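A quick write-up on the structure given underneath.
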Amino acid sequence: MAEQIKAENTDIDSKVESLIKASEVESGEFDWQCTFADYFKMVLSDPTIPKLSHVLTYEAIIEKGITINPDQTKSYNLFSDKIFGIENALEKVMQYFSSAAERTEVRKRILLLLGPPASGKSSIVNEIKQALEDYTRSTKGSVYSILGCPMQEEPLHLISKKTRKTLFKEFGIYIEGELCPRCRYLVRTKYKGKISAVPVIRTVFSEKEAVGIGSYIATNPNPVDSSILVGSIDSDKLDGNRLEVSGKAFRLDGELNVGNRGMVEFVEMFKADKHLLTTLLGLAQEQVIKIEKFGSVYADEVIIGHTNEGDFAKFSDDEQSEALRDRIIALQIPYNLRISEENKIYNKMLEGSSLQHVHLSPLTINSVSIFAVLSRLVQPSVIGASPLDKLHAYNDGLQRGSFNTEAEISKEGMEGISPRYVMNRISAVSSSEEVKCVTPITAIKSLWKGLDQNVNLKKKIESEQYSSLVLDTIKEYREMAIQTIQKASVDSFENSANNLLDKYIDSISSYLAKRNDLINERDMRDIERMCGIAEKEKDKFRKNVLEKSTAWKEVGRQFTYESDPILKQAIEKHLLPSTRQIARQLSEPRFAKQKVKWEQFKKTISSRLQETYGNCPICSDDLIVFVNHVLNTKKPIAKVPKNGTIEWNWPA
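To get the working numbering, take the position in the sequence shown, counting from 1, and add 484.
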């Protein structure tokens, strides 16, 4: 025993030593220094080394990778496993950076992310900041600066304007900007104008260390000292000539100084004092930080702000804000509008939570997602269409223009229930010690109950509309619950469904290739009739399915029975027992001999729900009882009296 403990301690000591050594190597990895002469040689050998801020940021995002989807759209790996359901908004963000990286006028615009609370604005900015930090730690994204400069000055600013023209003409090296007052003073005094001797270091961006990434939280509308942005001045060093004063007295420690060569973030942007916002005008338009009575300092940085619609509307209505407004590119960051993506949001939030002691029914996540997404949808203007029709169409990838006008669509996802509210309500239920599993109806009840405590939500939507959302969510849960029981009643349903799909695709492939000996026309038409495809439409349908299947394979994705909503519905209809069969099998029989078979059926269903579908004993039993209730008693789970409240009839 003693020898075993000694061996374990030796292993631990070795591991500790290894980890400490690796940490020390990493911390010293960027302690690199050379003269400007050496740096200049590096740049001439590789003109891609110096990068303007928008180029650096764009490359940092792209460096994380791009995934091509089956429909040929792009997904950016930086965001793909953290931000869900707002691909169009992310594509617009990337269009901004792509254009700005080309040195177009777009780089002289402030990027403003506009959306409701918890829509992903901060998450987008945080991911970009992290990408910048990571990229500057890589060889490809290396950033170099003048030693001792608080603004991590680009060393090429040491080159005279006349020489810059030659560099651009002969080497394609573009230099923009001037030395900051501190560096200008050091060059003239310490280095006596000998720029070749100026030391250059490797610089790694870090928001925590205030290098290359600045951040300003504008929560106070009252005027504040502008030095928080433009930097403070040491009043004890104001004596002397202008060069000496600017070189010694300017601390260059404001957030805009910090963000030079990288980016600066403005949180709740329009809660800031107007004077501070005016500072951004000069930075965006002219790449300078203006310092009262002391001129200006060149700065090259990405400016990203985020705010809500209310604050932006007030800013837009102010005539005095016209100049700054003209320098803003505002991109809407709405709530997600697809159930499948909303599920991913909650699963991601649960990963970092302390709710591990409580089980959540798989249909609970689906149900709260439905409630949240429904609250964000604009009422369909197409006659005969319901919010549920819209919900399913969006989840299946149908174009949004099918239900509303462009003006109505622009408002969609800009109001409603936030993911944060949903998680708060799930946490409220889970906090009770007696709760071991949060079932769907329990979660829906909690969402309804919490509305009274959320003033902002009550202002925007009347209780009658919310009660309608609850009933629609229950209606959807009812269908999901029945289908889950149907699937659990079939042995290896997913395998059977995918095998049926594979046979269908093999058949249509042979059909389109005119290999008639391998075709089973009757089986193909069975599937197609369930898809609502007429005889005269079958060729076009088969071609579309084969093209879609091929597109998925080409990007390394497996085409399953769930990949196409129309085929999914048809295959499920083909394989699953009817609701009438399920109702009969769940209904308790009168005679003892039949009860044995009935109990065995329920036991089999419960076992499959737990082994295949992620349920625990509590929610699997709850699901079986619920489906039996809705199929055999016909009693509503909830109803809404005239006063707009909800009367719950579940648990029965």
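All C-beta atoms, glycine included, are put in the ideal place defined by N, C-alpha and C. It should be emphasised that the depicted structure is a prediction, and the values quoted were computed from it without experimental measurement.
According to DSSP, which residues form a beta bridge with residue i?
i	result
residue 566	Partner(s): none; residue 566 has no beta bridge.
residue 815	597
residue 921	843
residue 712	Looking at the DSSP assignment, residue 712 forms no beta bridge with any residue, so it has no partner.
residue 1024	Answer is none; residue 1024 lacks a bridge partner.
residue 517	685
residue 1131	1123
residue 790	597 and 751
residue 669	Paired residues: none, contrary to the question.
residue 780	774
residue 700	750
Counting C-beta neighbours from all protein chains within 10 Å, is the total for residue i 16 or more, i.e. buried, or is it exposed?
i	result
residue 820	buried
residue 620	buried
residue 597	buried
residue 514	exposed
residue 874	buried
residue 680	exposed
residue 1002	exposed
residue 521	exposed
residue 591	buried
residue 866	exposed
residue 512	exposed
residue 530	exposed
residue 840	exposed
residue 888	buried
residue 995	buried
residue 504	exposed
residue 528	exposed
To the nearest angstrom, how far is it from the Cα of residue i to the Cα of residue j?
i	j	result
residue 548	residue 626	16 Å
residue 849	residue 545	31 Å
residue 555	residue 1040	13 Å
residue 1173	residue 1114	The structure shown does not extend to residue 1173, since the chain is modelled only from 485 to 1136, so the question has no answer here.
residue 843	residue 835	13 Å
residue 541	residue 934	41 Å
residue 764	residue 773	8 Å
residue 845	residue 924	7 Å
residue 711	residue 784	18 Å
residue 1188	residue 796	Past the boundaries of the shown model lies residue 1188; the chain is included only from 485 to 1136, so the question cannot be answered.
residue 876	residue 855	13 Å
residue 1045	residue 1033	10 Å
residue 1091	residue 1081	15 Å
residue 950	residue 608	30 Å
residue 642	residue 906	55 Å
residue 827	residue 603	14 Å
residue 955	residue 1075	37 Å
residue 1051	residue 988	10 Å
residue 612	residue 806	29 Å
residue 1059	residue 1065	13 Å
residue 978	residue 1097	11 Å
Would you kindly report the start and end of the unbroken alpha helix (DSSP H) that includes residue i?
i	result
residue 679	From DSSP, residue 679 is part of no alpha helix (DSSP H); its letter is neither H nor E.
residue 766	758-770
residue 1008	1005-1014
residue 905	903-914
residue 1111	1101-1116
residue 794	793-801
residue 583	571-584
residue 1043	Looking at the DSSP string, residue 1043 is not in any alpha helix (DSSP H), and its letter there is neither H nor E.
residue 692	Where residue 692 is concerned, there is no enclosing alpha helix (DSSP H), given that its DSSP letter is neither H nor E.
residue 546	537-547
residue 608	605-620
residue 1077	1076-1095
Should residue i be flagged as near chain C, meaning a C-beta pair shorter than 8 Å?
i	result
residue 778	Reference to chain C is not applicable here, since this structure consists of a single protein chain.
Residue i lies in the beta strand (DSSP E); which residues open and close that run?
i	result
residue 658	No beta strand (DSSP E) contains residue 658, which DSSP labels as neither H nor E.
residue 749	747-751
residue 867	Looking at the DSSP string, residue 867 is not in any beta strand (DSSP E), and its letter there is neither H nor E.
residue 1150	Nothing about residue 1150 can be read from this structure; the chain reaches only from 485 to 1136.
residue 805	Note, residue 805: premise wrong, no beta strand (DSSP E); not H, not E.
residue 627	627-630
Hey, is residue i close to the ligand NAP, as in C-beta under 7 Å from one of its heavy atoms?
i	result
residue 640	Within the structure as shown, the ligand NAP is missing, as the structure has no ligands at all.
Would you say the segment 683-695 touches the segment 625-643, given that touching needs at least three Cβ pairs under 8 Å?
-> yes
Does the segment 977-989 touch the segment 1048-1067, meaning 3 or more C-beta pairs lie closer than 8 Å?
-> yes
Any 3 or more C-beta pairs closer than 8 Å across the segment 853-872 and the segment 884-904 | yes
Are the segment 695-702 and the segment 737-745 touching by the rule of at least three beta carbon pairs closer than 8 Å?
-> yes
Are there three or more Cβ pairs, one per stretch, closer than 8 Å when the segment 1011-1026 is compared with the segment 964-980?
-> no
Sufficient close CB pairs (3 or more, under 8 Å) joining the segment 665-673 to the segment 714-723 = no
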